[in-house]
Amino acid sequence: MELPSDYESRVYAGVLGKLIGVYLGRPFEGWTYEKIMQELGPIQYYVHEKFKRPLVVTDDDVAGTFTFIRALEDYALPPDLSAEQMGHCWLNYIIDKRTILWWGGNGNSTEHTAWLNLKKGIPAPLSGAIATNGKTIAEQIGAQIFIDSWALVAPGQPRLAAELAKNAASVSHDGEAVYAAMLWAAMESQAFICQEIEQLIDVGLSVIPAESQIAQLVGDIRRWRREDNDWQTTRQRIDDNYGYHKYPSNCHIIPNHALMIMAILYAPDDFQQAQCIVNTSGWDTDCNAGNVGCLSGIMLGLQGIDAGPDWRGPLADRMLISSADGGFSINNAVRITDYLVGLGHQIADLPRPEAKKSGAQYHFSLPGSVQGFRWLNEENAAAVEVKNEAHLGRQMLSLHYRHLAPGLHASVTTQTFTPPEIVEMRSYDLMATPLIYPGQRLQATLIAPPDNTSALNVRLCYRVYDDNNQLTPQYGDAQSIAPGESLTLALDLPDCQGQPIGEIGVTISTDARVARGRLLIDSMRWDGAPELTLRKPTGENNFWWRAWVNGVDLFSRHYPTSFRISKEYDEGLIIHGTRQWDNYRVQSDITLHSGEYGGLAFRVQGMRRYYAARILRDGKLQIVRVRDTSTKILAEAALSDVYERPVSFDISVNGQIISATVDGKTLHVEDAEHEALMDGGIGLLICAGALSTDAIHISASC
Numbered sequence: 035m036e037l038p039s040d041y042e043s044r045v046y047a048g049v050l051g052k053l054i055g056v057y058l059g060r061p062f063e064g065w066t067y068e069k070i071m072q073e074l075g076p077i078q079y080y081v082h083e084k085f086k087r088p089l090v091v092t093d094d095d096v097a098g099t100f101t102f103i104r105a106l107e108d109y110a111l112p113p114d115l116s117a118e119q120m121g122h123c124w125l126n127y128i129i130d131k132r133t134i135l136w137w138g139g140n141g142n143s144t145e146h147t148a149w150l151n152l153k154k155g156i157p158a159p160l161s162g163a164i165a166t167n168g169k170t171i172a173e174q175i176g177a178q179i180f181i182d183s184w185a186l187v188a189p190g191q192p193r194l195a196a197e198l199a200k201n202a203a204s205v206s207h208d209g210e211a212v213y214a215a216m217l218w219a220a221m222e223s224q225a226f227i228c229q230e231i232e233q234l235i236d237v238g239l240s241v242i243p244a245e246s247q248i249a250q251l252v253g254d255i256r257r258w259r260r261e262d263n264d265w266q267t268t269r270q271r272i273d274d275n276y277g278y279h280k281y282p283s284n285c286h287i288i289p290n291h292a293l294m295i296m297a298i299l300y301a302p303d304d305f306q307q308a309q310c311i312v313n314t315s316g317w318d319t320d321c322n323a324g325n326v327g328c329l330s331g332i333m334l335g336l337q338g339i340d341a342g343p344d345w346r347g348p349l350a351d352r353m354l355i356s357s358a359d360g361g362f363s364i365n366n367a368v369r370i371t372d373y374l375v376g377l378g379h380q381i382a383d384l385p386r387p388e389a390k391k392s393g394a395q396y397h398f399s400l401p402g403s404v405q406g407f408r409w410l411n412e413e414n415a416a417a418v419e420v421k422n423e424a425h426l427g428r429q430m431l432s433l434h435y436r437h438l439a440p441g442l443h444a445s446v447t448t449q450t451f452t453p454p455e456i457v458e459m460r461s462y463d464l465m466a467t468p469l470i471y472p473g474q475r476l477q478a479t480l481i482a483p484p485d486n487t488s489a490l491n492v493r494l495c496y497r498v499y500d501d502n503n504q505l506t507p508q509y510g511d512a513q514s515i516a517p518g519e520s521l522t523l524a525l526d527l528p529d530c531q532g533q534p535i536g537e538i539g540v541t542i543s544t545d546a547r548v549a550r551g552r553l554l555i556d557s558m559r560w561d562g563a564p565e566l567t568l569r570k571p572t573g574e575n576n577f578w579w580r581a582w583v584n585g586v587d588l589f590s591r592h593y594p595t596s597f598r599i600s601k602e603y604d605e606g607l608i609i610h611g612t613r614q615w616d617n618y619r620v621q622s623d624i625t626l627h628s629g630e631y632g633g634l635a636f637r638v639q640g641m642r643r644y645y646a647a648r649i650l651r652d653g654k655l656q657i658v659r660v661r662d663t664s665t666k667i668l669a670e671a672a673l674s675d676v677y678e679r680p681v682s683f684d685i686s687v688n689g690q691i692i693s694a695t696v697d698g699k700t701l702h703v704e705d706a707e708h709e710a711l712m713d714g715g716i717g718l719l720i721c722a723g724a725l726s727t728d729a730i731h732i733s734a735s736c
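The sequence shown begins at 35 in the working numbering and counts up one residue at a time.
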């Protein structure tokens with residue numbers, strides 16, 4: 035199947051539109067139109083500063099949209115991907131009461147209710163069915179807020195997008211909520227090849243029952259749009275006929291979907307106006323604005339987003355995705371676009387696109403992209419303007435400086451771990467692990483244009499959390515780059531005493547009296563296995579603790595040992611590392627205090643996908659592969675007296691080969707099956723008990 039020629043740029047615009055809408059509407063989520071008009075007025079631009087909140091925060095709309103799409107990678111491409119498999123995806127990436135969902139209680143929050151059903155063994159789609167949960171719970175808004183990504187991987191295939199959205203939505207919802215999700219996904223899919231809003235709505239209606247209430251309200255709003263020619267008049271009609279007073283529970287699909295249809299009908303060609311209408315109208319503003327923003331982004335492209343105010347500058351491509359895969363949490367719109375475009379090619383039975391700039395994590399190849407890089411406003415810092423521009427036929431990150439002089443410097447960095455302002459986020463927990471680690475090699479390819487006024491001193495920089503929870507700058511060696519030259523900086527990252535690396539970037543300075551010009555960053559990347567020892571640092575800091583995905587009941591910072599975890603009833607993990615980790619060695623002396631089993635996990639890809647060397651209550655040592663509901667014992671041996679004493683674990687993984695020496699017993703395994711796991715971080719595993727260790731060492735595999 036052929037994909038649209040501008041597929042990638044429209045995916046990027048759709049992702050940006052989603053983020054802009056969510057972060058614009060987040061601060062006043064749940065407000066009425068009247069309260070918004072009284073306290074904020076028409077919503078023309080970001081208002082987060084009025085609430086003293088960061089712009090980019092954890093939010094279920096973003097996390098769910100870009101997590102649940104991973105079912106395509108983990109299970110199957112259409113038509114083989116089922117609702118039941120999507121339910122397994124929930125169980126792997128969601129951590130109880132911590133990630134992705136609104137944890138509003140059983141029978142209150144639709145998603146929380148469905149999650150509990152899944153945990154009890156009720157498979158999707160029964161987990162979200164009206165027959166299971168009742169009509170009120172099943173028809174809340176959550177069905178449509180997570181579905182944009184299904185359209186982004188199915189361009190010009192509205193029926194496929196609708197079917198994917200149906201299966202995804204039915205994990206937690208049913209009835210009118212699922213119809214709304216299907217309609218919107220079909221519209222977004224068709225928007226890749228058609229930008230006429232009436233045609234898009236017709237396509238959306240074609241995939242849902244004509245007698246559904248969603249179809250009825252769409253017909254009403256189209257008629258009111260023609261009759262009123264004033265969105266505020268139409269909004270009042272929606273409130274009168276489809277308002278919250280008509281529908282039970284917290285956040286029903288019908289009123290909110292009506293506002294989305296109204297906004298896109300009144301502003302099909304104006305990204306800012308569509309956002310103004312849908313946000314000013316109130317109710318579930320971040321959800322509604324995110325869906326409208328994604329559709330507008332696909333329809334209008336990057337030029338449509340850029341036609342109004344500077345939406346992209348404050349956003350800087352940034353996003354946070356809280357899930358059990360901590361290496362996916364600190365993310366950006368370019369990385370997500372690359373991921374979705376790759377899936378779109380696979381679904382179209384086409385080869386995945388070649389990785390840009392040899393697979394660099396930061397390649398800046400999409401127009402206007404900055405991938406989270408921002409000027410660091412610190413002491414003695416010269417101002418720098420960060421933008422994206424073309425040079426020699428390639429898009430690059432451009433650092434414009436005008437008043438650089440001796441005694442001044444300028445740094446441009448991007449986040450690689452949880453930002454300090456996490457303490458100001460009052461929404462959802464952020465489960466994240468760092469993207470980059472000691473032992474890995476950081477590299478940046480730089481270009482100094484020939485019209486620069488003088489040479490620059492350039493060096494790689496990285497910022498590490500200190501004992502006071504502050505980011506402290508560290509630097510590589512400086513090199514000089516003259517006008518017209520290019521060079522590649524490289525730095526082998528040293529040990530950080532257990533502290534996470536929070537940012538990476540480039541620092542510039544000059545020996546000239548004054549320097550004006552640009553520095554172009556063509557790409558930045560890191561490679562190699564980590565080399566580090568994880569332990570509790572000195573001081574009262576806690577970002578080392580935040581660097582673990584917490585999937586247990588208790589992960590204490592206050593025991594003498596660095597790591598002490600406990601789980602009350604079932605299995606739990608704390609997880610560290612990323613899916614970039616593949617072949618490595620992990621060592622630790624672990625004390626199992628109580629429980630059914632516990633041990634050391636490796637190649638961890640979530641709560642229900644990992645290998646582990648575990649010791650059981652009866653003294654048995656097992657090497658297991660856990661993949662959703664299946665636990666396969668790959669090898670086992672007998673140990674003795676395994677409780678309340680340190681047991682040494684030494685595990686190496688290299689390709690299909692697993693070597694584990696535990697308490698002097700060595701097991702070798704080759705896992706050549708299709709279900710083998712080839713990458714992922716490490717973890718501590720416990721079932722219905724407690725374990726502890728003081729240090730974990732990670733290095734390249736032998």
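Glycine residues also receive a C-beta, built at the ideal position from the N, C-alpha and C atoms.
If you're wondering where the values come from, they're calculated on a predicted model, not measured in any experiment.
Three-state secondary structure (DSSP) at residue i?
| i | result |
| --- | --- |
| Pro507 | strand |
| Ser622 | strand |
| Asn167 | helix |
| Thr695 | strand |
| Met353 | strand |
| Asp501 | coil |
| Phe100 | helix |
| Ser488 | coil |
| Ser223 | helix |
| Glu537 | strand |
| Arg257 | helix |
| Cys495 | strand |
| Gln233 | helix |
| Ala199 | helix |
Could you work out which residue in the options is closest to residue i when comparing CA atoms only?
| i | options | result |
| --- | --- | --- |
| Ile624 | Asp114, Asn617 and Phe683 | Phe683 |
| Gly633 | Ile608, Asn617, Ala466 and Gln614 | Ile608 |
| Ala297 | Arg352, Ser283 and Glu232 | Glu232 |
| Gly402 | His437, Ser116, Ser283 and Asp344 | Asp344 |
| Met465 | Asp94, Ser43, Pro528 and Tyr67 | Asp94 |
| Thr665 | Arg643, Ile649, Glu678 and Leu115 | Arg643 |
| Phe165 | Pro507, Ser520, Gly209 and Arg408 | Checking the sequence, you will find Ala at residue 165 rather than Phe. Among Pro507, Ser520, Gly209 and Arg408, the Cα nearest to that of Ala165 is on Gly209. |
| Phe589 | Asp130, Gly473, Ser726 and Ala635 | Ser726 |
| Ile248 | Ala416, Gly427, Phe226 and Leu293 | Leu293 |
| Gly562 | Met120, Lys601, Arg613 and Gly324 | Arg613 |
| Gly689 | Asp697, Ala706 and Pro680 | Ala706 |
| Leu194 | Ser693, Asp114 and Ile667 | Asp114 |
| Leu374 | Pro453, Ala105, Ala225 and Asn140 | Ala105 |
| Phe226 | Met216, Tyr127, Pro189 and Ala220 | Pro189 |
| Trp409 | Gly393, Ser622, Lys390 and Leu431 | Leu431 |
| Asp545 | Ser693, Pro507, Thr487 and Asn575 | Thr487 |
| Pro3 | Val498, His146, Lys654 and Thr522 | Outside the shown range of the chain, which is 35 to 736, sits residue 3, and nothing can be said about it. |
| Glu630 | Asn617, Gly640, Gly653 and Met641 | Gly653 |
Please look up how many angstroms separate the CB atoms of residue i and residue j, rounded, as I've assumed it's under 8 Å.
| i | j | result |
| --- | --- | --- |
| Ser223 | Pro243 | So it is not a contact: roughly 19 Å between Cβ atoms. |
| Ala158 | Ala172 | Not a contact, Cβ separation roughly 13 Å. |
| Glu678 | His627 | 6 Å |
| Ile732 | Leu566 | 6 Å |
| Asp351 | Val404 | 6 Å |
| Gln178 | Ala214 | 5 Å |
Any beta carbon of chain D sitting closer than 7 Å to that of residue i?
| i | result |
| --- | --- |
| His286 | Going by chain labels, chain D is absent from the structure shown, which holds only one protein chain. |
Ranges of the beta strand (DSSP E) found wholly within the region 378–441, counting only runs of at least 3: 418–425 and 428–438
Three or more C-beta pairs below 8 Å linking the region 330–346 and the region 50–61: yes
Runs of beta strand (DSSP E) lying entirely within the region 564–619, each at least 3 residues, in chain order: 566–568, 583–585, 588–590, 597–600 and 605–610
Every unbroken alpha helix (DSSP H) inside the region 107–156 [4 residues or more]: 117–127 and 144–153
Cβ pair count under 8 Å reaching 3, the region 553–563 against the region 473–483: yes
Three CB pairs or more closer than 8 Å across the region 566–578 and the region 532–539: yes
Segment contact flag, the region 411–429 with the region 93–108, C-beta cutoff 8 Å, min 3 pairs: no
Segment contact flag, the region 506–523 with the region 482–494, C-beta cutoff 8 Å, min 3 pairs: yes
Three CB pairs or more closer than 8 Å across the region 352–361 and the region 130–143: yes
The region 60–71 contacting the region 330–343, beta-carbon criterion three pairs below 8 Å: no
Touching by the beta-carbon criterion (3+ pairs, under 8 Å), the region 75–86 and the region 435–451: No, they do not touch.
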